[in-house]
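**Q**
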Amino acid sequence: MVGTSLSTGDSADHEPWFEIRGDAIYTTAHHPSGRGDWPWFDIRDGHVFTTRHHPQGRVALPWYEIHGNRMYTTRTHPDGYAGFPLFEIRDNLIYGIAHYSPVFSASPRDRDPERIPAGAAKLGPPEAE
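Residue numbering for the sequence shown follows my numbering, starting at 214 and increasing by one per position.
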């Protein structure tokens with residue numbers, strides 16, 4: 214199961230949002246969308262792809278890569294940060310990593326480049342200096 218955490222925008226409840234079944238990742242009743250039991254992602258060759266069931270309508274995009282026991286955002290992740298570790302895999306379960314996350318914060322202060330964790334890269338054109 215995937216549990217919420219600071220990194221997923223939910224600071225305290227640690228309820229499972231997703232469950233891995235075979236090569237698919239399904240939402241649970243705890244998912245904030247209110248859509249339980251939907252196969253939103255497929256796992257193939259170390260990548261986690263969106264499915265036709267994902268509500269954003271983006272099919273077959275590799276939003277995450279699995280390296281070791283972590284799931285990292287990719288260049289196609291909609292929040293625009295590549296290489297950001299959002300989830301940790303332990304004993305076939307996936308948990309949100311509780312750490313500061315510029316990806317899901319709405320505060321301009323939290324998007325300060327000095328506060329972005331090492332390894333996370335903002336994509337897109339360089340900002341004007």
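Where a beta carbon is used, it is the ideal one built from N, C-alpha and C, also for glycine.
#1: Taking the alpha-carbon positions, what's the Ser318 to Ile310 distance?
#2: Measuring straight from C-alpha to C-alpha, what distance separates Asp304 and Phe297?
#3: Classify Pro291: buried if its beta carbon has 16 or more other beta carbons within 10 angstroms, exposed otherwise.
#4: Suppose you measure from the CA of Arg248 to the CA of Ala242; what does that come to, to the nearest Å?
#5: Measuring only the C-alpha atoms, how far is Ala273 from Gly281?
#6: Of the residues Thr286, Thr287, Gly259, which one's Cα is nearest the Cα of Ile279?
#7: Put Trp251 into one of helix, strand or coil per three-state DSSP.
#8: Taking buried to mean at least 16 other C-beta atoms within 10 Å of its own C-beta, is Pro229 buried or exposed?
#9: Helix, strand or coil for Ala242 per DSSP?
#10: In this structure, how does DSSP classify Leu274 when only helix, strand and coil are distinguished?
#11: Just tell me which of Ile233, His244, His266, Gln269 has its CA closest to the CA of Ile256.
#12: Could you spell out the range, first to last residue, of the beta strand (DSSP E) harbouring His260?
**A** Based on what the coordinates show:
#1: Here residue 318 corresponds to residue number 105 of the sequence shown, with the count starting at 1. Here residue 310 corresponds to residue number 97 of the sequence shown, with the count starting at 1. Any answer about Ser318 is weak, because its pLDDT of 46 lies below 50 and its placement is not dependable; what the coordinates show is given next. Whole-angstrom Cα-Cα distance: 15 Å.
#2: Here residue 304 is taken as the residue at index 91 of the sequence shown, counted from 1. Here residue 297 is taken as the residue at index 84 of the sequence shown, counted from 1. Note on geometry: alpha-carbon atoms of Asp304 and Phe297 lie some 21 Å from one another.
#3: Position 78 of the sequence shown, counting from 1, holds the residue named residue 291. By the neighbour-count criterion, in which a residue is buried when 16 or more other Cβ atoms sit within 10 angstroms of its Cβ, Pro291 is exposed.
#4: Mapped onto the sequence shown, residue 248 falls at position 35. Mapped onto the sequence shown, residue 242 falls at position 29. Approximately 7 Å, taken between the alpha carbons.
#5: The count along the sequence shown starts at 1 and reaches residue 273 at position 60. The count along the sequence shown starts at 1 and reaches residue 281 at position 68. Roughly 22 Å separates the two Cα atoms.
#6: On the sequence shown, position 66 is the one that residue 279 refers to. Just measuring C-alpha positions, the residue of Thr286, Thr287, Gly259 sitting nearest Ile279 is Gly259.
#7: For the purposes of this step, residue 251 is taken as the residue at position 38 of the sequence shown. Coil, per DSSP.
#8: As a working mapping, residue 229 is identified with position 16 in the sequence shown. With 16 or more Cβ atoms within 10 Å of its Cβ, Pro229 is classed as buried.
#9: In the sequence shown, residue 242 corresponds to position 29, counting from 1. Of the three classes helix, strand and coil, the one that applies to Ala242 here is coil, per DSSP.
#10: By one-based count along the sequence shown, residue 274 stands at place 61. The answer is coil: DSSP assigns Leu274 none of H, G, I, E or B.
#11: Mapped onto the sequence shown, residue 256 falls at position 43. Looking at the Cα atoms, Ile233 is the closest of the given residues.
#12: Residue 260 sits at position 47 when you count from the first residue of the sequence shown. Residues 260-263.
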